[in-house]
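Report on the structure given below.
Number of protein chains: 2
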Amino acid sequence: MRIKRELSQRELGILAGLDPFVASARVNRYELGVHAPDVATAQRLAQCLQVPLAYLFATDERLARAILAFDQLSARQKDRLLADIEPKPGSPP
Amino acid sequence: MRIKRELSQRELGILAGLDPFVASARVNRYELGVHAPDVATAQRLAQCLQVPLAYLFATDERLARAILAFDQLSARQKDRLLADIEPKPGSPP
DNA sequence: GCACTAAGGTTGACTTAGTTG
DNA sequence: CAACTAAGTCAACCTTAGTGC
Numbered sequence: 001m002r003i004k005r006e007l008s009q010r011e012l013g014i015l016a017g018l019d020p021f022v023a024s025a026r027v028n029r030y031e032l033g034v035h036a037p038d039v040a041t042a043q044r045l046a047q048c049l050q051v052p053l054a055y056l057f058a059t060d061e062r063l064a065r066a067i068l069a070f071d072q073l074s075a076r077q078k079d080r081l082l083a084d085i086e087p088k089p090g091s092p093p
Numbered sequence: 001m002r003i004k005r006e007l008s009q010r011e012l013g014i015l016a017g018l019d020p021f022v023a024s025a026r027v028n029r030y031e032l033g034v035h036a037p038d039v040a041t042a043q044r045l046a047q048c049l050q051v052p053l054a055y056l057f058a059t060d061e062r063l064a065r066a067i068l069a070f071d072q073l074s075a076r077q078k079d080r081l082l083a084d085i086e087p088k089p090g091s092p093p
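These protein sequence lines are chains A and B, in that order.
End of the first sequence sits at 93 in the UniProt record's numbering; the numbers just go up one at a time, nothing left out.
End of the second sequence sits at 93 in the UniProt record's numbering; the numbers just go up one at a time, nothing left out.
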């Protein structure tokens with residue numbers, strides 16, 4: 001899982017609502033990819049990191065950056081960007 | 001999990017390498033959100049659906065569309081888009 | 001064919017307790 | 001403090017077997 005944090009593993013886990021006694025071990029396993037959390041826990045971690053849940057699962061570096069950047073845009077900017085890059089229907093065939 | 005398929009649940013599961021006898025039940029559980037697959041299985045499903053893994057976890061509709069559209073761009077287009085929308089460092093403070 | 005489900009077995013995440021820098 | 005790990009427990013997923021459309 002793609003975790004980009006500024007806090008310690010333990011602090012992040014506690015912030016995400018994990019029991020302080022287990023936060024360190026669990027976040028460590030997630031960050032190293034030994035274990036994977038359930039989606040609810042992943043969602044809480046994402047909220048604490050202020051990134052979209054999808055960002056944690058972005059395997060491609062550029063896509064990860066795009067997800068972060070897109071998330072920062074205003075609703076209007078998102079709509080304009082989508083209009084720019086989404087393929088128009090009825091073109092390919 | 002965000003699954004947008006054109007095949008049947010069973011067909012998708014088989015295509016993703018699941019045992020034909022269990023493909024239907026498992027994909028059904030994933031699609032309805034009753035169970036979640038491990039990341040390796042999710043990755044195989046994403047490949048079959050020809051979407052990035054992150055797309056399956058996009059909770060926001062616009063972000064989901066953006067991920068799909070971004071994935072279709074050429075490497076050069078991706079880099080140009082990132083240059084456009086990524087916040088420049090040193091502006092906020 | 002399709003989507004969907006309950007019950008029980010089994011695997012892997014979770015807790016505990018600990019080491020190391 | 002921090003990052004990281006092994007071992008045993010048990011919840012969550014997987015399999016089986018089945019329903020109804």
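We put the beta carbon where it would ideally sit given N, CA and C, even for glycine.
- Proximity of residue 65(B) to chain A, defined by a Cβ-Cβ separation below 8 Å, is satisfied.
- With respect to the 8 Å criterion, residue 86(B) and residue 65(A) are classified as neighbours on the basis of their beta carbons.
- Residue 78(B) sits in a helix when the DSSP states are folded into three classes.
- Between residue 27(B) and residue 9(B) a beta carbon distance of about 4 Å is seen, short of the 8 Å cut, so the two are scored as contacting.
- Selection 54(B), 22(B), 40(B) evaluated against residue 43(A) yields 54(B) as nearest (Cα-Cα).
- The continuous alpha helix (DSSP H) containing residue 62(B) extends over residues 61 to 72.
- With contacts defined as CB atoms closer than 8 Å, residue 70(A) and residue 63(B) qualify as a contacting pair.
- Under a 10 Å Cβ-count criterion, residue 78(A) is classified as buried, with 16 or more other Cβ atoms of the shown protein chains found around its own Cβ.
- Residues of chain A whose Cβ lies closer than 8 Å to the Cβ of residue 83(B) do not exist, since the nearest Cβ in that chain is about 10 Å away.
- Taking C-beta separations shorter than 6 Å and ignoring five residues to either side along the sequence, the partners of residue 3(A) in its chain run 31, following chain order.
- For residue 9(B), the enclosing alpha helix (DSSP H) begins and ends at 9 to 15.
- Here residue 29(A) carries a helix assignment [DSSP, helix/strand/coil].
- When 8 Å is used as the limit between beta carbons, residue 4(B) is near no residue of chain A, the shortest such separation being about 14 Å.
- With its beta carbon at least 8 Å from every one in chain B, residue 25(A) lies outside the interface.
- Under the three-state reduction of DSSP output, residue 18(B) falls in the coil class, being neither helix nor strand.
- Secondary structure of residue 3(A) (DSSP, three-state): coil.
- Nearest neighbour of residue 49(A) by Cα position, chosen from 21(A), 38(A), 16(A), 22(A), turns out to be 16(A).
- The Cβ atoms of residue 25(B) and residue 14(B) lie no closer than 8 Å to each other.
- Cβ proximity to chain B below 7 Å picks out 36, 38, 39 from the region 32 to 50 of chain A.
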